[in-house]
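Here is the structure we will look at.
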Amino acid sequence: MLNTTLIILAIFIIAFAGFAIYDLATAKRRKEVYRVKSSLTAYLMLLPAIVLAFLFIMLPILYSLGYAFTDYYLLKPNDINFIWFDNFKAFFSELATKGTLYHAIKNTIVFVVGVVPLQIGTALLLSLFVNRPGIGSKIFKVCFFAPVVISLSVTSFLWLQILAPGENGLLNSLLGIFGVAPHDWLRDPNTAMPCIIVLSAWQGCGYQMLIFLSGLSNIRKELYEAASLDGANGWRKFWLVTWPGLRSTFVYIIITVFIGACRILTQPMLMTGYQDHTVTLSYYMYQQGYTFRWVGQSSAVALIMTIFIGAITLIQRRVFREKK
Amino acid sequence: MDKNLVKDLPNFRPNKKPAKNTVKAIIYHVVGIVLSLIFLFPIIYMLATSTKSESAYASSLGSLNMFLPDFANLGTMFANYESVLVNYDIWKYALNSFIYAAIVIVLNVLINGLAGYVMAKLRFPGKRLLSFLIIFLIVVPVETSIIPLYSIVKIMLGLKQEMSVLGVILPATISIFNVFLFTQFFEGIPKEYEEAARIDGANTMGVFAKVIMPLSKPIIATVAVFCFIGVWNDYLWPSMILPSANDGSWPLLPIQTALMSIQSIEGITTGEIMASLIITSIPIFIIYVAAQKYIVQGFGTAGLKM
């Protein structure tokens, strides 16, 4: 491990030196002047950030890339062998036999497909609702934002009480008033994921509401007045003025919420534990790498996730750029 | 003449419009109150339950009292808070989190601020590679490399339990996104400020410490606030890197990780759990209220420009 790290460090330094020399060689053409003293000061001031970024950001990414093709077991750091695509082949067989990975992928897709429209749609409606002058709308804004202040683990523990099985749970006792029998919300495969989707959207959407609001405040008032003069009603105003004006905000929100949703881990971890009906990709990755200590396999999942998230982000950006 | 008539036309029915608006306003506020209650019911439930003993909680179930404090025993309203703070030492874990956050904020602002200053103001060979790396590393999803990060930090720090505290702090001190934030802000500071200081004989470090930093209070506040929220709310990483998170006996756990072990203490009441959740949330609540301006600035300036 130390040897590999040193080799990576050497490659990094050589690459940096190469680019630095290239910069020096082309300095005249770019009409750039480098001074020795100022450059040395710059390197010195950058040093802490570069060392930390190398250790805690770049190395993990590179290692995650490399470990994906090995059989690294955490307790045997001196016995790492390249097994190339065997980790990925194992995934296919696990998918075919509907093992945990199959459920992890399925649940992650269910979560993303559920939470992205729910959270963004709610956030958009709430922002349109509170986007008017007056003390009332300000108070409502604070109320809608309040859940954001609560951390994910507190949210999970709180909803664990709300969704508690038997008659002691808040939801069950509320439903009991209407004569509905108590339900074990988090153990029933049909209700566990929907519950996690709802509480995640509840916790998060206030934040997106604020971003939508700042997008709404950037739309010029005259556009609405012009639309009114042309006889547009509220619905047409929304489609003709608000929606086009919000597009860049909207794409930014879709990307961030989507990436956040793909990474979901804390809620199922704290609320249900490692169960087939709520395990997600991040949770599977964590369990494989941390609890079971199969770093190789875990890194292979991480690699697939990184490529997937990266690709979707690029696609979303491209769509955004074309429409801009 | 005709024009004036048309113009004055709405004044013939002066009462209609205000009446319609009042009805609209009432409907708006009723809908708003209903929506707010739907959003706040878990929090109201949490606050109400935290004031109740286990028997009072059990008897309140299935009625409106679930969302109301225990009026019969208002004198012992804070008994659960007392017991959580005294018996379960939650104040110690809160203090731990404060200390972790304070160290991370200072180091994060210094390290990333320096890097941002260099990227914004200084010229040196190799700068273009670093600018490219910054953009690249912001885009790459970092969370997926948490397992390799764990193995690197474990090997770096060795087996001593005390060292694992560094494992909580060090990775949090570097944030490429904060470097990016600082760079953007520093680029907006006019050159004249620096030149004036240089004429007075200050060197680069002096310019950074005496000119740039004092001008950058808003961005420092933004970074500090986000650092605090990040460290305070982080559950996963401390639970991985710190020893024996499950038995909860280790004294240096941060609060979110300690919550997990407090939850599973034998005989803890629902009211006590809720009190511990509220105590955990209060500092973040205060931060959001006090630093609202900087939080909005944070995602207003940097977020939307991506």
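For the record, the sequence lines run as chains A and B. Numbering of the first sequence is given in the working numbering, commencing with residue 17 and proceeding in unit increments. Numbering of the second sequence is given in the working numbering, commencing with residue 1027 and proceeding in unit increments. We treat Cβ as the ideally placed atom computed from N, Cα and C, and that holds for glycine. Everything numeric in this text was worked out from a predicted model, so none of it was measured.
Nearest chain A C-beta to residue i closer than 8 Å, yes or no?
i, result
"V1237/B", "no"
"T1296/B", "yes"
"M1072/B", "yes"
"A1247/B", "no"
"Q1323/B", "no"
"I1200/B", "yes"
"A1141/B", "yes"
"T1170/B", "yes"
"F1254/B", "no"
"I1215/B", "no"
"M1266/B", "yes"
"Y1176/B", "yes"
"F1065/B", "yes"
"N1138/B", "yes"
"T1077/B", "no"
"N1259/B", "yes"
"S1307/B", "yes"
With H, G and I counted as helix, E and B as strand and the rest as coil, what does DSSP make of residue i?
i, result
"F1252/B", "helix"
"F1158/B", "helix"
"F85/A", "coil"
"V49/A", "coil"
"I1137/B", "helix"
"L62/A", "helix"
"A248/A", "coil"
"L1278/B", "coil"
"G1152/B", "coil"
"N234/A", "coil"
"T1295/B", "coil"
"D1115/B", "coil"
"M1103/B", "coil"
"Y1372/B", "Given a span of 1027 to 1332 for chain B in the structure shown, any question on residue 1372/B remains unanswerable."
"P1244/B", "helix"
"N1229/B", "coil"
"V1166/B", "coil"
"P1068/B", "helix"
"S1085/B", "helix"
"K1050/B", "helix"
"M17/A", "coil"
"K44/A", "coil"
"S55/A", "helix"
"K1319/B", "helix"
"L1285/B", "helix"
"S1079/B", "coil"
"S109/A", "helix"
Of all the CB atoms in chain B, is at least one closer than 8 Å to the CB of residue i?
i, result
"E241/A", "no"
"T20/A", "no"
"W3/A", "Lying before the first or after the last residue shown, residue 3/A is absent from chain A, which here runs from 17 to 340."
"M61/A", "yes"
"V126/A", "no"
"T57/A", "yes"
"D39/A", "yes"
"P198/A", "no"
"F266/A", "no"
Starting from residue i, follow its DSSP beta bridges and name the residues at the other end.
i, result
"F274/A", "Per DSSP, none; premise fails for F274/A."
"F98/A", "T86/A"
Quick test of your reading: residue i and residue j, contact by CB under 8 Å. State the CB separation rounded to the nearest angstrom.
i, j, result
"N27/A", "L75/A", "It should be pointed out that residue 27/A corresponds to Ile in this sequence rather than to Asn. So it is not a contact: roughly 12 Å between Cβ atoms."
"A277/A", "V132/A", "6 Å"
"F1206/B", "I1160/B", "6 Å"
"Y89/A", "R334/A", "That belief does not hold up - the Cβ atoms of Y89/A and R334/A are roughly 40 Å apart, past 8 Å."
"N1106/B", "S1076/B", "6 Å"
"P1151/B", "L40/A", "5 Å"
"P1068/B", "L174/A", "6 Å"
"F127/A", "I280/A", "5 Å"
"Y83/A", "V317/A", "About 11 Å separates the two Cβ atoms, so there is no contact after all."
"L319/A", "I121/A", "Incorrect: roughly 14 Å between the Cβ atoms, too far for contact."
"T1283/B", "Q177/A", "In fact, because the Cβ distance is near 19 Å, the residues do not count as touching under 8 Å."
"G1139/B", "G152/A", "41 Å between Cβ atoms; not a contact."
For a contact defined as C-beta to C-beta under 9 Å, what are the partners of residue i on chain E?
i, result
"R1149/B", "The chain inventory of the structure shown lacks chain E, comprising the protein chains A and B."
Mind listing, in chain order, the continuous alpha helix (DSSP H) runs of no fewer than 4 residues lying wholly within the segment 176–221 of chain A?
-> Within the segment 176–221 of chain A, the runs of alpha helix (DSSP H) that reach at least 4 residues and sit entirely inside it are, in chain order, 186–193.
Unbroken stretches of the alpha helix (DSSP H), 4 residues or longer, contained in the segment 1186–1225 of chain B = Qualifying alpha helix (DSSP H) stretches, in chain order: 1190–1199, 1202–1213, 1217–1225.
Identify every run of the alpha helix (DSSP H) within the segment 279–333 of chain A, keeping only runs that are complete inside it and at least 4 residues long; order them along the chain.
-> Within the segment 279–333 of chain A, the complete alpha helix (DSSP H) runs of at least 4 residues are 282–287, 297–302.
Can you list the beta strand (DSSP E) stretches of 3 or more residues lying completely in the segment 130–167 of chain A, in chain order?
-> Whole beta strand (DSSP E) segments, 3+ residues: zero.
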